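Residue numbers (the UniProt record's numbering): 1 to 663.
Built from N, CA and C at the ideal position, the CB exists for glycine as well.
Quantities reported herein were computed from a predicted structural model and do not represent experimental measurements.
Here the structure is laid out as structure tokens; the discussion comes afterwards.
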Amino acid sequence: MATTEKSILNRMYFVAGCLFLFAIAVGVKLLNIQFVHGEHYKELAEERTLRNFKIPANRGNLYDVNGNLLATSVPKYDVRFDAVTVSDKDFEENIGALSKELSKMLGRPAAYFSQKLRAARANRQRYVLIAKNLGYSDYMKMREFPMFNLGTYKGGMITEQSTVREHPLGKMGERTVGYERRDENGYFTRVGLEGAFSNYLRGTDGRRLKQKIAKGQWKPISDNNEMEPEDGYDVVSTIDVNIQDIAHHSLLRQLEYFEADHGTVVVMETETGEIKAMSNLGRTKEGTYFEKRNYAVYEAHEPGSTFKLMAMVAALEDKVVDTSKIFDTEKGVVRFYGRPVRDSRHGGYGKISAAKAFELSSNTAFTKMITEGYRNNPSKFVDRLYSMGLNQKIGLEIKGEGSPRIPHPQDKDWNGLSLPWMAFGYGVAMTPLQTLTFYNAIANDGEMIKPRFIKEVKDRDKPVITMEKQVMNPAVCSIETAKKVREMMKRTVERGTAANIYTENFSMAGKTGTCQTEYWIEPGRYIASFAGYFPAENPKYSCIVVIHKPNRRKGYYGNIVAAPVFKDIARKIYTDTPVMDELESLEVDDEKVRTDFEEYYTRIQDEKLLMPDVTGMPAMDAISILENLGLEVRLNGRGVVKRQSVSAGQKLKNKQTVKLELS
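Set out below in structure tokens:
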């Protein structure tokens, strides 16, 4: 018996000792947690229950040159309800009135919201969605609704803000305006102006403290942010919305008619290099068109006959030819190593001068001109092209610029056909914007200007950075050579391959281009192009039009497919800013002349008081016409004018409002 008691006591002592050691260990651990690792565990606990969430900063606005919005950040708000924090008294006193206000704003019956809120309270839900993507004004109204106006805790209103990037132009110029996106791995995709100038547009993100609640959801601690986001700078681009609209619709009409695969148009201000419009449209499987890729910037392809300008400038600069030198087109076909070079005109053009060969775009004459001039030293021709910068990228801020290709005799793939084929734009590659930059240099007496997309960066109304003209090459050629080829381009429109777009109303100069593409796949695929500038005498704008793979049955030559787009753009820009001769005086002594003029002037004024018919016109064209008549214009929708509130021919009043319904 004594032995048993002693054994039991020993066991008790052992257990007590273990408990004592365990207590000591717990105490040591508590002291360790409290004093040694205390801060770490506090941070860990807070991280699991409290967390700072990023509040994206509003990107700065992107404007056109006239202050029209191209892209802007719009705050959107999601509103949720915490059914647990509201007291019984506040809930019952306000649920009826709150349901009625929500019904008015969100368009559902008051009973729907009443049932939803009561069910949430019964189920103790703390994150019930009330509304998504509210605008700022609606959000501010909702904050004043009964119960919600009691605040985050007493009223149970949970607000989450996000920022949405909106583009007032819609799909027009979408690839030019562009975007900046970040994927789940943190990698950015930057496209167009938004991507190129994101370092200015992007602001500094803010922070907001949230607390973890049921089901892994996070609720803001208060209505205030721990750190307010700082908005990005505003960027004023060189794009002119009016010219962009003209270019977009002119290109779209031509693509639709010719059922082409894709096309691009760029309009540049000659003196400054400012890009006024850039439209890029690609065909879908359904036959519609949208801004698929920025073809003007990235797509390097064989330019065809528009490259004859570069070849002619090189030949004139190297003095291997002059404009009067005669070449025999030999019935329209000449051969090099058994391969034929053909003129578009069957039977050729006979014997013509170098200048005439440019106007008529004779392939045979150009191959003779370049091969005879550089046969013994082809490197001289290519080095001249290199000296003009044709083998270098422009260095655009917009990402994805294509690489030009000008082969050199030292290249492994150079052969006997390389030189004659280069003469008329085969075997070389340039992007439309690179080609236009050279044409613009010729219009500028040889000074090559870097294409520019922005004018200035602003912090609200205060200029931060002002962009200046950047000269890439002060002289791609002599002024004498520039004058000679400008005259050739003018005559190309007046009497050459582009005579079909000639008009006495305004002057243009340029060069047509037609070349086969993807000929290694099948014959019959073409690229039609036209590059030039206007007015011919004192160039203000340069422009290039490139259309890929038009329906061959409808047409594929540059003068038929691309040149009419150039003319349409020039005509509409002239309509907005006509070139007018200045008269020193209208005073005349002849009574009949004075009477006739007064009658004419009166008739014109009367005609200006009548409502014109603007149905079928693009919105920008209609606005321009009507506002010039002193009318207030209201738009409904987008696209072309479908209906007008004031009938055509009706007498107008000053400052009268006209409503246009768009398709």
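Under three-state DSSP, which class holds residue 539? Three-state result, residue 539: coil.
Could you tell me the alpha carbon to alpha carbon distance between residue 146 and residue 73, rounded to whole angstroms? When rounded, the distance between both Cα atoms is 30 Å.
How would you call residue 613, buried or exposed, if buried means at least 16 neighbouring beta carbons within 10 angstroms? Result: exposed.
I'd like the list of long-range same chain contacts for residue 121, defined as Cβ closer than 7 Å, with 5 residues on each side in sequence excluded. Contacts found: 83, 91.
Proximal residues to residue 566 (C-beta, below 6 Å), its chain only, five neighbours per side dropped: Answer for residue 566: 530, 543, 545, listed in chain order.
Closest to residue 271 by C-alpha separation, out of 437, 128, 426, would be which residue? Answer by Cα proximity: 437.
Quick check: what's the CA-CA separation for residue 307 versus residue 528? Going by the C-alpha atoms only, they are around 13 Å apart.
With 16 other Cβ atoms within 10 Å as the buried cut-off, status of residue 668: In this structure the chain extends from 1 to 663, so residue 668 is not present and cannot be described.
Taking C-alpha atoms, which residue in 199, 181, 176, 182 lies nearest to residue 192? If you compare the alpha carbons of 199, 181, 176, 182 with that of residue 192, the shortest gap goes to 176.
For residue 572, which of 247, 26, 137 has the nearest alpha-carbon? Ranking 247, 26, 137 by Cα distance to residue 572 puts 247 first.
On the DSSP bridge assignment, give the partners of residue 73 in chain order. For residue 73, which the question treats as bridged, DSSP gives the partners 165.
Let me know the secondary structure DSSP gives residue 651 once reduced to three states. The answer is strand: DSSP assigns residue 651 an E or B state.
With a threshold of 8 Å on Cβ separation, who are the neighbours of residue 103 within its own chain once the five nearest residues in sequence on each side are excluded? Closer than 8 Å at the Cβ level, and outside the excluded window around residue 103, lie 109, 110, 112, 113.
Taking the straight line between their C-alpha atoms, what separation do you get for residue 656 and residue 618? Cα to Cα, residue 656 sits roughly 21 Å from residue 618.
Would you report the Cα separation of residue 330 and residue 349, rounded to the nearest angstrom? Rounded to whole angstroms, residue 330 to residue 349 spans 8 Å at the Cα level.
Between residue 488 and residue 442, what straight-line distance do the alpha-carbon atoms span, to the nearest angstrom? Between residue 488 and residue 442, the C-alpha separation is close to 12 Å.
Near the ligand MG: residue 507 beta-carbon under 7 Å from a heavy atom: Absence of the ligand MG is noted for the structure shown, with no ligands found whatsoever.
Own chain, CB closer than 7 Å to residue 346, minus 5 neighbours either side, in chain order: In chain order, 332 place their CB closer than 7 Å to the CB of residue 346, counting only its own chain and leaving out the 5 sequence neighbours on each side.
Classify residue 179 as helix, strand or coil using the three-state DSSP reduction. Residue 179: strand per DSSP, three-state reduction.
Would the region 291–307 and the region 429–436 be scored as touching if the rule is three or more Cβ pairs under 8 Å? By the criterion of at least three beta-carbon pairs nearer than 8 Å, the region 291–307 is in contact with the region 429–436.
Using DSSP's beta-bridge definition, name the partner residues of residue 26. Residue pairing of residue 26 in beta bridges, as defined by DSSP: absent, with no partner found.
Do residue 507 and residue 536 come within 8 Å of each other at the CB atom, strictly closer than that value? Yes. Within cutoff.
DSSP state of residue 353 mapped onto helix, strand, coil: In this structure, residue 353 counts as strand in the three-state DSSP scheme.
Determine the contact status of residue 510 and residue 533, defining contact as a CB-CB distance below 8 Å. In this structure, residue 533 lies closer than 8 Å to residue 510 by Cβ.
As an exercise, report each continuous beta strand (DSSP E) stretch of at least 3 residues that is fully enclosed by the region 447–478, in chain order. DSSP runs (the beta strand (DSSP E)) wholly in the region 447–478: 454–459, 462–466, 471–473.
Judging by CA-CA distance, which residue of 633, 388, 538 is the nearest neighbour of residue 313? Looking only at 633, 388, 538, the smallest Cα-Cα distance to residue 313 is reached by 388.
What are the boundary residues of the beta strand (DSSP E) that includes residue 263? Taken as a continuous stretch (DSSP letters only), the beta strand (DSSP E) holding residue 263 covers 262–269.
Cβ neighbour criterion (16 or more within 10 Å) applied to residue 564: Buried, because 16 or more other Cβ atoms sit within 10 Å of the Cβ of residue 564.
Whole-angstrom distance between residue 166 and residue 174, CA atom to CA atom: In a straight line, the C-alpha of residue 174 is about 11 Å away from that of residue 166.
Hey, could you find the ends of the beta strand (DSSP E) residue 133 is sitting in? Judged by DSSP secondary structure, residue 133 falls within the beta strand (DSSP E) whose first and last residues are 128–134.
Return yes when the Cβ of residue 407 is within less than 8 Å of the Cβ of residue 414, no when it is not. In this structure, residue 407 lies closer than 8 Å to residue 414 by Cβ.
Can you name, in chain order, every residue of its own chain whose Cβ lies under 7 Å from the Cβ of residue 233, other than the five neighbours on each side? Excluding residues within five positions, the ones whose Cβ falls inside 7 Å are 60, 200, 201, 457, 458, 459, 464.
Indicate whether residue 237 and residue 445 have their beta-carbon atoms separated by less than 8 Å. No, the pair does not count as a contact, with Cβ atoms beyond the cut-off.
Out of 249, 19, 268, 276, which has the shortest C-alpha to C-alpha gap to residue 241? Closest by alpha carbon: 276.
Boundaries of the alpha helix (DSSP H) in which residue 559 is found, first to last residue: Counting along the chain, the alpha helix (DSSP H) containing residue 559 begins and ends at 558–561.
DSSP state of residue 279 mapped onto helix, strand, coil: Strand at residue 279.
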